[in-house]
Amino acid sequence: MDPDPRTPSWRRYLRFLRPDTDADIDDELSFHLAERIEALRAEGIGDHEARTRALAEFGDVRAVRQSLQVIDRRMDQRRARGEWLANAITRMRHALRVLLRQPGFTFPAVVTLALGLASTVAIYTLLDTIVLRALPFPRADRLVALSSPMPKLDDTWGIARHQLFYYKENARSIEDMALYRRNEATLIGDGASQYSERVRTAVVSAGIFDVLGIVPEMGRALSPADNLERTPASVVLSHALWSRRFGGDRTIVGRTIDVEGLSLSVVGIAPPTAQLPEGPVDLWLPDYVDPAAAAQNNHVRAAVALLRPGYTAESAERDIAPLVPRMEEVFPSAYPNHWITNSGFRTAVVPLRDDVVGRTVMRTLWILLAGVLLVLVVALANVANLLLVRADGRRREVLVRSALGARRGDLLALHVTDAVLVTVVAGLVAFVLARLALGALVWLAPQGIPRLAELHVGVGTAMLMLSLSMVLGLVLGVLTARATRGEQDHAALRDASRGLTLTRRQVGVRGALVVAQVALAVVLLAGAGLMLRSFQKLRAVNPGFVADGVTTMEVALPSARYDNVQRVSDFHEQLVAAVRGIPGVQDASLVEQLPLTGRTGCTGVVTNQPGATGRNEQCVTTLQVAPGYFEAMRIPVRGAASTWDDLHRASAGAVVTSALAEVLWPGENPLGRTIRCCSVDSGWFRVTGVVDKLYDAGVDAPQMQAVFFPLVPVPGGDLQWLARNVSLVVRAPGLAPADLFPLVQREVGRLDPQVPVTDARALSDVVAASMANRTFTLYLLAAAAAIAVLLSAVGLYAVISYVVGHRLGEIGIRMALGARTTQVARLVVGQSLVLALVGVALGVGGALATTRVLGALLYQVQPRDPLVLAAVSAMLVTIAVVASLAPTWRAAHVDPALALRGE
Amino acid sequence: MAQPELDLLQGTLDVLVLRALSWGTMHGYAVARFIREGSDGSFRILDGALYTSLHRMEERGWISSSWGLSDRGKRAKFYQLTAAGRKALRAESASWEQYVAAVAKVMNAAPTPSAT
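Residue numbers (my numbering), protein chains in the order written: chain A, 2 to 904; chain B, 2 to 117.
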């Protein structure tokens with residue numbers, strides 16, 4: 002029974018309250034008893050008697066009353082809920098119909114908000130996957146990475162083998178610790194069913210299985226005894242390789258496989274989840290880590306440690322600090338001449354996640370999140386503005402409703418329903434957009450971005466999106482309702498029938514929103530502009546070699562068969578000769594590692610002919626190169642580089658960079674000095690050439706201090722320095738990598754069919770990859786800025802149209818009084834410009850205050866670069882003019898007669 | 002309180018109430034009178050139980066209620082069968098008749114000689 006909805010509203014309210022339900026029950030029961038007593042009295046029974054009998058027939062009144070209360074309350078609650086739902090559905094349906102009928106409002110609102118939401122959620126998902134979520138290891142919060150920064154050498158090394166045992170024994174904070182190196186190896190096929198392939202290897206100390214919590218799926222993990230072999234004898238297969246290459250054959254454990262020509266016994270299979278901090282590997286090989294071996298100054302291994310509960314990375318670092326200087330006494334062979342004190346050598350401890358993800362990436366993602374949050378705010382301002390404009394259009398409806406007695410709550414519900422509907426639809430669109438955007442990001446992302454493989458857009462993201470859009474809808478709805486409330490008085494009712502001008506308040510709120518939008522867009526654009534300038538400057542830096550026209554490939558010699566200097570050297574010489582013989586090839590040579598592909602590490606080099614400063618050692622990049630390398634790379638050499646003939650005569654010399662020469666022999670001629678690498682038996686080399694600017698870690702890092710040694714060590718030299726895995730560099734300007742690759746493959750196959758050639762790419766791509774992190778950030782920031790600019794344009798357009806729409810009458814009067822079209826146009830454009838200029842001024846202030854956070858991502862550009870700020874300001878002012886063109890046209894073509902007639 | 006007996010009683014009472022209301026809209030007291038007079042007082046139902054039954058069936062959606070005035074001008078709560086209630090009455094009376102028939106059959110049956 003639902004009579005007139007107006008009168009019973011208080012009654013319906015009361016009924017939700019306990020007393021009313023209870024009173025109904027009491028009324029019903031007392032009615033019954035009264036009737037029964039009356040009936041009994043009619044039969045001639047006395048008052049008292051009738052009353053007693055009626056009660057007796059009824060039973061326990063109090064118990065019945067209680068159970069009825071329980072039932073009725075339950076019923077009331079259910080009914081209230083149903084009513085609320087039905088109301089909400091009706092409201093939704095009504096709002097949806099209205100929204101669909103006004104695509105001019107709905108479409109821009111949904112699109113702008115969807116863009117803002119999608120970019121926010123996409124970047125948040127990236128941040129969550131890469132930075133916020135724990136690494137996929139048990140006890141991940143207790144895992145740390147160790148490294149050896151040396152402030153006085155301006156360099157950072159890894160950890161040496163003797164440090165493993167020393168720290169495990171002496172550092173209270175370390176519960177367990179392990180060393181590892183990532184590498185590649187050739188898994189040799191049997192020639193029939195299996196092919197040879199390059200696989201990713203982890204060369205580890207056995208403890209890594211315990212530290213990372215890896216329990217073999219079958220067989221056993223590597224043991225400390227495996228680490229005592231100089232050449233590995235055992236191997237653990239990854240689950241993926243085992244299933245892919247060996248078909249999940251359980252009898253593989255105990256059999257041998259051929260890695261680089263070495264016969265390795267498979268001792269176990271790792272579980273599918275096993276991985277290094279940096280990512281998955283195919284083979285787990287034992288490193289040579291013997292506690293009894295002499296300590297060497299060779300800090301090239303990555304180290305991961307499990308801290309005891311209660312220690313943080315910082316407190317562990319403090320705990321280890323006093324142990325470091327003592328190493329000079331404990332390991333005199335590794336640290337002669339107060340080496341630790343002189344280099345500032347220490348041991349840094351950082352949470353493993355920070356180490357894996359890297360500060361730059363973390364910082365970049367946080368900056369981007371801030372950027373897209375700004376975009377979201379811009380989008381919200383836009384939608385708020387559109388809602389306000391629309392609320393204005395509906396003012397009459399609202400006024401009529403409230404005049405008819407609609408309560409404030411009803412009006413609030415009206416606004417909130419609209420807003421929530423818009424935001425939820427936008428949220429759905431945004432979810433689809435975010436999925437697409439993340440797919441594209443993963444595709445675009447440079448290889449250096451860690452953990453992208455863990456990216457997953459699923460139910461969690463959808464729920465995040467849904468709740469976010471709901472909350473935003475509620476907020477927007479309430480704000481719109483509040484902003485329009487002031488206009489709901491009788492003055493407004495009169496005014497709503499169309500006044501000639503707008504109230505200051507009406508313009509003020511909308512204008513402020515647009516100003517804020519423009520300001521935010523300026524901040525974002527300034528960020529993107531600074532990145533763009535950095536990028537341009539980086540591109541303009543000469544890396545020290547000519548990359549165009551050079552193709553590179555990787556060649557790996559199986560170590561078992563190429564076990565002596567002569568065989569390796571012969572193969573390399575024949576290979577270079579064969580490749581040079583390919584038509585179209587101008588130059589070809591070999592190098593241990595390509596330039597700009599990350600740190601080559603640092604090895605101590607010693608001269609026995611120091612300069613005037615007396616400095617005789619420096620830790621630098623050492624690279625082994627084949628003759629012809631500098632010609633092939635077009636690196637100018639002062640003096641001369643070695644030839645194959647020099648190698649045959651065992652009289653090859655070394656080439657140093659001028660940056661190193663300046664350290665060892667400042668102001669003197671380095672040519673003719675002798676220099677030695679790393680270990681005593683690597684022999685002395687005469688410096689025969691000097692090269693100028695070269696970059697190593699990236700063109701934004703300092704110039705490289707390096708020595709180029711011959712690819713082939715002196716006869717009888719340490720086999721440790723035998724370079725079996727080398728990069729081939731081929732200068733063949735007319736041949737694309739894809740064309741050159743099969744030709745080189747054929748030549749290699751002719752020399753030795755078991756040697757794999759892989760990874761043919763243009764050297765210019767290698768250079769581009771070294772800037773990929775920055776490029777990626779630039780793309781993302783530029784996308785965020787583009788969206789923000791688009792949104793500001795929409796915002797400006799909406800507000801100017803609104804203002805023009807309301808001023809048509811005024812404009813009509815002006816034109817009737819003789820104003821010319823140009824004057825009217827100036828009026829409208831001027832209004833847009835004022836808003837834009839205020840926004841730009843605020844935005845420039847904001848940019849000056851905030852672009853500093855870009856800091857390390859910038860290259861030779863000041864965060865306050867005036868050129869960028871000027872360009873950005875000019876751009877937004879232009880946009881303001883363009884956005885006001887359509888409304889201006891409309892204003893200039895007002896027919897005064899029509900405008901004056903009203904409505 | 003033994004649960005099965007109560008259930009049986011409750012079910013039976015529900016059928017009686019539904020049956021009463023199938024004659025038209027009436028208030029609780031009228032339903033009680035209908036049952037009392039219909040059974041010629043041969044069984045006694047506590048009036049309280051009747052109200053529990055009414056409210057419970059209202060919650061179940063079998064009957065609906067509204068306030069009105071009694072014959073003698075007093076404010077009273079009237080009950081009315083809903084479509085669902087009508088359906089329930091049909092089902093309940095069918096199973097009630099089956100039950101009665103089954104009980105009657107057992108009561109009238111002569112013992113058959115057993116194989117033992």
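The C-beta atom is built at its ideal place from N, Cα and C for all residues, glycine as well.
Residue i: which of the options sits nearest, CA to CA?
i, options, result
"Asp27(A)", "Asp283(A), Glu50(A) and Asp73(A)", "Asp73(A)"
"Leu211(A)", "Thr622(A), Ala294(A), Ala141(A) and Glu618(A)", "The sequence given here has Asp at residue 211(A), not Leu. The shortest Cα separation from Asp211(A) among Thr622(A), Ala294(A), Ala141(A) and Glu618(A) belongs to Ala141(A)."
"Thr348(A)", "Trp158(A), Gly856(A) and Asp61(A)", "Trp158(A)"
"Gln863(A)", "Ala871(A), Arg616(A), Gly844(A) and Thr852(A)", "Thr852(A)"
"Ala578(A)", "Thr776(A), Ala589(A) and Gly585(A)", "Ala589(A)"
"Gln704(A)", "Ala789(A), Leu712(A), Pro544(A) and Ser560(A)", "Pro544(A)"
"Ser885(A)", "Val800(A), Leu154(A), Ser643(A) and Gly461(A)", "Val800(A)"
"His457(A)", "Val443(A), Ala651(A) and Pro152(A)", "Val443(A)"
"Arg540(A)", "Ser403(A), Leu741(A) and Thr776(A)", "Thr776(A)"
"Thr187(A)", "Gly208(A), Val869(A) and Leu284(A)", "Leu284(A)"
"Leu855(A)", "Ala787(A), Met772(A), Tyr196(A) and Ala371(A)", "Ala371(A)"
"Pro233(A)", "Phe106(A), Thr257(A) and Gly220(A)", "Thr257(A)"
Compute the Euclidean distance between the alpha carbons of residue i and residue j, then round it to the nearest angstrom.
i, j, result
"Asp896(A)", "Ile880(A)", "28 Å"
"Leu781(A)", "Ala850(A)", "21 Å"
"Gly12(B)", "Leu86(A)", "33 Å"
"Pro109(A)", "Leu366(A)", "28 Å"
"Leu558(A)", "Pro867(A)", "54 Å"
"Arg302(A)", "Val290(A)", "11 Å"
"Leu672(A)", "Val551(A)", "29 Å"
"Val65(A)", "Met108(B)", "36 Å"
"Arg231(A)", "Arg183(A)", "18 Å"
"Ala441(A)", "Leu859(A)", "25 Å"
"Gly500(A)", "Leu809(A)", "Note on Gly500(A): pLDDT 47, under 50, position unreliable in the model; the coordinate value appears next. Whole-angstrom Cα-Cα distance: 11 Å."
"Val804(A)", "Arg452(A)", "50 Å"
"Leu843(A)", "Ala520(A)", "6 Å"
"Leu779(A)", "Ala529(A)", "6 Å"
"Leu116(A)", "Ala438(A)", "11 Å"
"Ala493(A)", "Ile814(A)", "Summary for Ala493(A): the model assigns pLDDT 47, below 50, so the residue's position carries little reliability; its value from the coordinates is reported in the next sentence. Computed Cα separation, rounded: 23 Å."
"Arg600(A)", "Trp340(A)", "Residue placement at Arg600(A) cannot be trusted, given a pLDDT of 49 that sits under 50; what the coordinates show is reported in the next sentence. Near 22 Å, if we compare the C-alpha coordinates of Trp340(A) and Arg600(A)."
"Ala81(B)", "Arg63(A)", "Sequence inspection shows Gln at residue 81(B); the Ala mentioned does not correspond to that position. Their Cα atoms are separated by approximately 26 Å."
"Tyr563(A)", "Ala463(A)", "56 Å"
"Gly665(A)", "Gly612(A)", "According to the sequence shown, residue 665(A) is Leu rather than Gly. So the alpha carbons of these two residues sit roughly 6 Å apart."
"Ala119(A)", "His807(A)", "34 Å"
"Gly280(A)", "Val745(A)", "31 Å"
"Val592(A)", "Ser643(A)", "14 Å"
"Thr252(A)", "Trp243(A)", "11 Å"
Between residue i and residue j, is the Cβ-Cβ spacing less than 7 Å?
i, j, result
"Leu624(A)", "Phe686(A)", "no"
"Ala527(A)", "Ala848(A)", "yes"
"Arg199(A)", "Pro738(A)", "no"
"Thr689(A)", "Gln610(A)", "no"
"Ala427(A)", "Val99(A)", "no"
"Leu263(A)", "Ala561(A)", "yes"
"His300(A)", "Ala179(A)", "no"
"Gly640(A)", "Val586(A)", "no"
"Asp259(A)", "Gly208(A)", "no"
Is residue i a contact residue of the ligand MG, with contact defined as CB to any heavy atom under 6 Å?
i, result
"Val18(B)", "Absence of the ligand MG is noted for the structure shown, with no ligands found whatsoever."
ask   = Counting pairs of Cβ atoms below 8 Å between the segment 623-635 of chain A and the segment 725-740 of chain A, do you hit three or more?
value = yes
ask   = Quick one: any contact between the segment 294-305 of chain A and the segment 116-127 of chain A, if contact means 3 or more CB pairs under 8 Å?
value = no
request  = Count the CB pairs spanning the segment 342-362 of chain A and the segment 371-389 of chain A that are closer than 8 Å, and state whether there are at least three.
outcome  = no
key: 4 or more residues per run - each alpha helix (DSSP H) lying fully within the segment 231-275 of chain A   = 240-247
ask   = Of all the alpha helix (DSSP H) runs that stay within the bounds of the segment 435-482 of chain A, which reach a length of 4 or more residues?
value = none
ask   = Using 8 Å as the threshold, is the segment 562-569 of chain A in touch with the segment 634-642 of chain A, meaning 3 or more CB pairs across them?
value = no
ask   = At which residue ranges does the segment 526-612 of chain A contain complete alpha helix (DSSP H) runs of 4 or more residues, listed in the order of the chain?
value = 566-581
task = For the segment 267-283 of chain A and the segment 307-326 of chain A, state whether three or more C-beta atom pairs, one from each stretch, are separated by less than 8 Å.
result = no
query = Contact between the segment 408-423 of chain A and the segment 462-479 of chain A: three or more CB pairs below 8 Å?
reply = yes
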